[in-house]
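Residue numbers (this note's numbering): 68 to 204.
1. I'd like to check one pair, residue 94 with residue 103: are the Cβ atoms closer than 9 Å?
2. When DSSP labels each residue in this structure, what does residue 79 get in the three-state scheme?
3. Alpha carbon to alpha carbon, how far is residue 107 from residue 132?
4. Report the rounded CA-to-CA distance for residue 135 versus residue 125, giving the unit in angstroms.
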């Protein structure tokens, strides 16, 4: 390098070496950049579309959750309707039993009134006979 008039220390200085390396990298990127860009383009597009894919996945999950929730709600409504029908049937059955028991209780009460009146009549007759027997004696 001395023939060109450039001192050797200037070509081996770290700043000069770093600048040369950067220039070499820039030249490689300029000339090979199209090939590298064509090679990296699909990967770059995939990387850029990941948020869109994440959003689409979230939308699919939410749609599936809504469908599942709707199915659960429908199933629970069917259960509630079935339970409601069972409760109504049991209520009707209990009301019928209550009416039967009331009728039976009324009938027994009437019989009790009749028995009491007969008992009172019998007691009165016994008292009358007792008085009559005491008077005779």
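Every residue gets a Cβ at the ideal spot worked out from N, C-alpha and C, and that includes glycine.
Only a predicted model underlies this, so the values are computations on that prediction, with no experimental measurement involved.
From the atom records:
1. Residue mapping note: residue 103 aligns to position 36 of the chain shown, counting from 1. Residue mapping note: residue 94 aligns to position 27 of the chain shown, counting from 1. Taking 9 Å as the Cβ cut-off, residue 103 and residue 94 do not qualify as a contacting pair.
2. On the chain shown, residue 79 is found 12 positions in, with the first residue counted as 1. The answer is coil: DSSP assigns residue 79 none of H, G, I, E or B.
3. Taking the chain shown and counting its residues from 1, one reaches residue 107 at position 40. Taking the chain shown and counting its residues from 1, one reaches residue 132 at position 65. If you take the alpha carbons of residue 107 and residue 132, they lie about 37 Å apart.
4. For this step, residue 135 is matched to residue 68 along the chain shown. For this step, residue 125 is matched to residue 58 along the chain shown. Straight-line Cα distance between these residues: approximately 15 Å.
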